[in-house]
Every structure is written in C-alpha cells, then in structure tokens.
Amino acid sequence: MELRLYNNLHRQLEAFEPQDPRRVTMYVCGPTVYNYVHIGNARPPVVFGVLANLLRRRYPRLVYARNITDVDDKINHAARELGVPISRITDKYAAAYQDDMARLGVAPPDVVPYATAHIPQIIAMMGQLVESGHAYAAEGHVLFSVASFPDYGKLSRRDPEEMLAGARVEVAPYKRDPGDFVLWKPSPPDLPGWDSPWGVGRPGWHIECSAMAATHLGETIDIHGGGVDLQFPHHENEIAQSTCAHGGQVFARYWLHNGMLNLGGAKMSKSVGNVYLVHDLLEQHPPEALRYALLSAHYRQPLDWSDALIEQSVRTLDRLYGTLRDLADVPVIEPMVPIEVESALCDDLNTPAALAELARIAGEARKADSPLTRASLKAELLGGGKLLGLLQQPPAAWFGRGSVDGDDVRIQALVDERNAAKQARDFIRADAIRRQLASEGVLLEDTAQGVRWRRG
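Per my numbering, the very first residue in the sequence shown carries number 266; after that it's consecutive.
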C-alpha cells in the first residue's frame, strides 16, 4: 500500500520514498515555552504523531524529533515581568506542554532537543555560513544574506522583491539588505547570553531549528512538519541557512503543513487573544474527545473549533466505547488494523475517512451475531483506534471519567438491579432506580445489546 503525502515544496501529492528506508527522519517544530499552549498548537503534535505511528508500521526505524524553543524574546519578557530567571519560565511551561500532550494521547517523539542545549552547534553552523559568504557579522549581530541564496522564496512561492516590499522586517542600519534575517543578536547583561566569536549573544529563532535538525537527524531529513503559519518566514529561512551551511544539500525532502484552527471565523492566536488553552480544556472535557476533534478534519484544512465540535466528539466516542462495552465478553487475541483505515491514512493522512471507517466497523459489530465476526470486528476497532490514538482505555474508564472504580461498580449494580426489576415486572422499582441514577447525572440507554449507561 503506497503512502502518499502532499509535499508543500512542490504543491502536489507524492509517493513517500525515504532516502534510507532503514532510518526515516522527521522533524516537527515544537513550542516556544513562555506560557501554556493553545489548542491550535496541539494540532501538529497530534497529526504528525499519527503519521509517526503510520511510518513505524512500514519502516524498521523512525527517528522523530520535535524541539523545544527555550530561548526567545517572549521568554525574556515573561521572565522580566515576574523577576525570575528564564529557566523558571521554560522549565515550568516545557513540563506543562509535555504533560498536556501526554494527556491528549501524543506519544513522546524519539528526540526532544532544547535550543539552549545546542548553542555550540548553532555557533558552528553560523561559522560555516560566514565562512562561505552566506552570512556576515555587523555590530554584534550575525545576519543571513538573503541575496546569496537564489532559491529563497521557493517553499512559500514568494518573490524576494515582493517579500521585502510587503514584509514587516526590521530595517536596521547594520543590515546590508532589509530582508536579511538575524542568526545571532547581542545580549546585554540583563539577558541570557553565550560567548561566541561575535561577542556575547543569543541565537535567532530560525537557526535553532536548523542546528537541532542537523545534529539529530542529519544534513538532509525526510519530512519536516509544522503549522502553515510557519511556512514563511520560519521554514523558508530554515531552508536557506541549512542548504547554504551544508554545501547545497537538500534540507528537507517533504514539507507537510497543517491548517490553522479558527474560532468564530478568525484564526486562533495568542496575539489576538481568541484562544483556548489546552491546559484549561483538559480540565473541562475528556482529553480523548479533544484529540478526536483535532483529527475530525483533514490536517491540511482549517478546523473550526467550538463547544459543539467537542460535544459531537464526545457523543461519537460514547457510541464507539458503547460498542466495545457491548463486546466486553468477546475475547480478542491481538488488535488488527483494518486495511480501510490504513488506506485512508496512506492517502495523505485522511483522518476523517479513517474515523468514518471506525464508525462503520462499530455499526457492523453492533449488528453481528456470529462470535467469530464479533471478535474480528472488535479486533479491527481496537487496532484502527490504536493507529489513531483512540479507544485504548477500558469502556468503564471512558464512561466513568472523573469517578473512582468503586462508584462504577455501584452504578453497574443499580443498572443490573433495574434490569432484574423490569424482568420481574416490578416497574415501580425500575423507575425509581432510573430516577436515582438520573439525579446523579447517569443516563441510561436501552439498546438491542442491553442497557448502556454514561455520565451526562
């Protein structure tokens, strides 16, 4: 089964062929840790985590890196406001990010490089660029010379002259060209700084990712992913500096970009203030429902975020977990990924089609009579869910979220008592139990397979 991905570098679907099938490499831009991330920031880890799952099924080794930017002017500003070292800010929010992603079902990548741990590599790469004439030092800064790289703008399809005319770039006297971007900037005593051949300073954002990717994945990587908002200037600048530092070698062979999350028709952005923080959403909603919602639209398309989307995701997972609860007595030796689910994901990560397949399988399982068929469909439901990072908790844990196991047992005992009362035609007692459960927020659903319950 051929894996086809939309390569934004060429604006077309392409068959994925790694440069070395024995070691596939993928780099995804991670967060700048100065605050809690918003739900839009969670889309790349969730989406590209599914791609990582898919790649691991096909190749013996995947090396997946997702970085942490822990030196940045936003971090400096937050530390100054609180009067604390930047490490106090970065340690707190890096840990919060890792915890939030884990709760969303995002498996940790193979490598989590921190920018501050790669200062020697960053300085070495800048030295290569200066020596080859692609960068220059000026007034304590090191800047990349955009004019030295003829292919600048190829990824974003922007003409360099148009970019300079319309871009919000810092026009500083030390720049040879307004479009030249900073690789290194001087640090005053009150800001973090490291020794370098150009004085005490700190790296620019773009050079960090190039150095970290080269350190852990090599000079040419297979897949580079991130939000479409990073395409310019961040990814464009990564290509320029990496290609020039490595003697013209291709930096990334496949470029994948996920669409933005919208809220009320506008792009979700911290600068605008129309954001939902993942940290808060996880306290208000089932984490798996948030994950399902993030996968409900094709990754390249915008996703309209709303309470209605989350509620629909909860109801859909109720049906899927309800099916698994009905199949509780069906033994499964090993989960099996349905070919239709894998085929959908091999078609440029078509997660909506893959989720539709899970719903179809669950529907067939609810109608199946044969023990063999029921076992096969249960295995497919669990296997397909695992590939998507869904349906991996016991149904009782899903329906009993926020409760202790003992309370689940008590509720199930009341449900069983109600069933026995109905069979004995003691409808007064059966109705009383329903009212009691309803008062506790427990909803009963009569189905062909029996009575299901869930918390409302």
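For every residue, glycine included, the Cβ atom is placed at its ideal position computed from N, Cα and C.
Given the structure is predicted, the values throughout are model-derived calculations rather than measurements.
Asked: On the criterion of 16 or more Cβ atoms from any shown chain inside 10 Å, does L556 qualify as buried, or is it exposed?; Found: A quick correction: the sequence has Arg, not Leu, at residue 556. Classification for R556: buried.
Asked: Any chance you could list the beta strand (DSSP E) runs of at least 3 consecutive residues sitting entirely within the region 500-550, in chain order?; Found: 517-523, 526-528
Asked: Mind reading off the beta-carbon distance from R211 to Q284? Whole number of angstroms is fine, and I expect it under 8 angstroms.; Found: Look at the range of the chain in this structure, 266 to 721, and you will see that residue 211 is not part of it.
Asked: For L482, which residues in the same chain have their Cβ closer than 7 angstroms to its Cβ, ignoring the five residues on either side in sequence?; Found: T290, Y292, V328, A330
Asked: Going by alpha carbons, who is nearest to G305 out of P600, R584, L637, S571?; Found: S571
Asked: Quick check on DSSP: helix, strand or coil for N273?; Found: coil
Asked: Beta carbon of V436, beta carbon of G469: below 7 angstroms?; Found: no
Asked: Relative to the C-alpha of D545, which candidate in K440, P286, Y271, H303 has its C-alpha closest?; Found: H303
Asked: With a floor of 3 residues, list each beta strand (DSSP E) that falls wholly inside the region 561-640, ordered by position along the chain.; Found: none
Asked: How big is the Cα-Cα spacing for A361 and T334?; Found: 14 angstroms
Asked: D442: which of M390, V411, G418 sits nearest, CA to CA?; Found: V411
Asked: Where DSSP assigns a beta bridge to A402, which residues make up the other side?; Found: V407
Asked: Report, in whole angstroms, the separation of the C-beta atoms of E279 and N272, which I expect to be a contact under 8 angstroms.; Found: 5 angstroms
Asked: Under a three-way DSSP split, which group does G733 fall into?; Found: There is simply no residue 733 to check, as the chain begins at 266 and stops at 721 in what is shown.
Asked: Cβ-heavy atom distance between V293 and the ligand ZN below 6 angstroms?; Found: The ligand ZN is absent from the structure shown, which contains no ligands of any kind.
Asked: Can the beta-carbon of L420 be found less than 7 angstroms from the beta-carbon of L316?; Found: no
Asked: Going by alpha carbons, who is nearest to G458 out of R422, R717, G405, A662?; Found: G405
Asked: My understanding is that N539 touches G529, with C-beta atoms under 8 angstroms, so please give their C-beta distance in whole angstroms.; Found: 7 angstroms
Asked: For G490, write down the residues that DSSP places opposite it in a beta bridge.; Found: V293, L521
Asked: Go ahead and label P373 buried or exposed: buried means 16 or more other beta carbons lie within 10 angstroms of its beta carbon, across all protein chains shown.; Found: exposed
Asked: Enumerate in chain order the residues of its own chain whose CB-to-CB distance from P325 is below 7 angstroms, with the five nearest sequence positions on each side excluded.; Found: R287
Asked: How many angstroms separate the CA atom of S461 from the CA atom of R467?; Found: 9 angstroms
Asked: Please report the straight-line C-alpha distance between I351 and H342, rounded to a whole angstrom.; Found: 9 angstroms
Asked: Run through DSSP, which three-state label would K450 get?; Found: strand
Asked: For the beta strand (DSSP E) that contains W463, what are its first and last residues?; Found: W463 -> no beta strand (DSSP E), and no H or E assigned at all.
Asked: Tell me, to the nearest whole angstrom, how far the beta carbon of E473 is from that of A380; I am working on the premise that it is less than 8 angstroms.; Found: 4 angstroms
Asked: Go ahead and pull the three-state DSSP assignment for A330.; Found: strand
Asked: For the candidate residues T588, L559, V395, whose alpha-carbon lies nearest to that of V311?; Found: L559
Asked: For R433 and D494, what's the separation of their Cα atoms in angstroms?; Found: Here the model assigns R433 a pLDDT of 49, short of 50, so the residue's position is not dependable and the matter cannot be decided.
Asked: For S507, is the classification buried or exposed, using 16 other Cβ atoms within 10 angstroms of its Cβ as the cut-off for buried?; Found: buried
Asked: Can you have a look at V707 and say buried or exposed, based on whether 16 or more other CB atoms are within 10 angstroms of its CB?; Found: buried
Asked: Between which residues of its own chain and G314 is the CB-CB distance below 7 angstroms, once the five residues before and five after are set aside?; Found: V371, A372, G654
Asked: Is the beta carbon of W449 less than 7 angstroms from the beta carbon of M390?; Found: no
Asked: Could you give the first and the last residue of the continuous alpha helix (DSSP H) run that contains V312?; Found: 304-323
Asked: Within the same chain, show all residues whose beta-carbon is closer than 7 angstroms to that of H471, passing over the 5 residues directly before and after it, in chain order.; Found: F446, H499, N502, E503, Q506
Asked: Can you give me the C-alpha to C-alpha distance between Q237 and I354, rounded to a whole angstrom?; Found: The chain is shown from 266 up to 721; residue 237 falls before or after that span and cannot be answered.
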